[in-house]
Amino acid sequence: AHAYHSHIACYVANLTKVHPTFTLHLNHHAAFHIYNYLLLFCPAHSWWCFPFKCLIEILQHLLVNHKSGGS
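So the sequence shown is residues 528 to 598, counted in the numbering used here.
So this is what it looks like as structure tokens:
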């Protein structure tokens, strides 16, 4: 958990140095909260798949007719 926190902090700090015009988004803030979940619910493999399972179920019910783009 501590390694994750130090890596994400370094990534976000260097992101604005490498790309000066880039603005941080809510996802960057949310990424710091993963650290808290790692401390509370370790090991991560026991809970990490649940959000993706829900997302995959939502994606499976989208009517896209196997085409990307509009119309």
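The C-beta atom is built at its ideal place from N, Cα and C for all residues, glycine as well. Computed from a predicted structure; not experimentally measured.
Residues near residue i in its chain [Cβ-Cβ closer than 6 Å; skip 5 each side]
i: residue 555; result: 539
Spatially closest choice to residue i from the options, by CA coordinates
i: residue 532; options: 561, 549, 552 and 568; result: 561
Simplified DSSP assignment, three categories, for residue i
i: residue 550; result: coil
i: residue 569; result: coil
i: residue 528; result: coil
i: residue 589; result: coil
Residue i CB to nearest heavy atom of the ligand SAH below 7 Å
i: residue 549; result: This structure lacks the ligand SAH; in fact it carries no ligand of any kind.
Residue i and residue j closer than 8 Å at C-beta
i: residue 535; j: residue 557; result: no
Contact set for residue i: own chain, Cβ-Cβ below 8 Å, skip 5 residues either direction
i: residue 553; result: none
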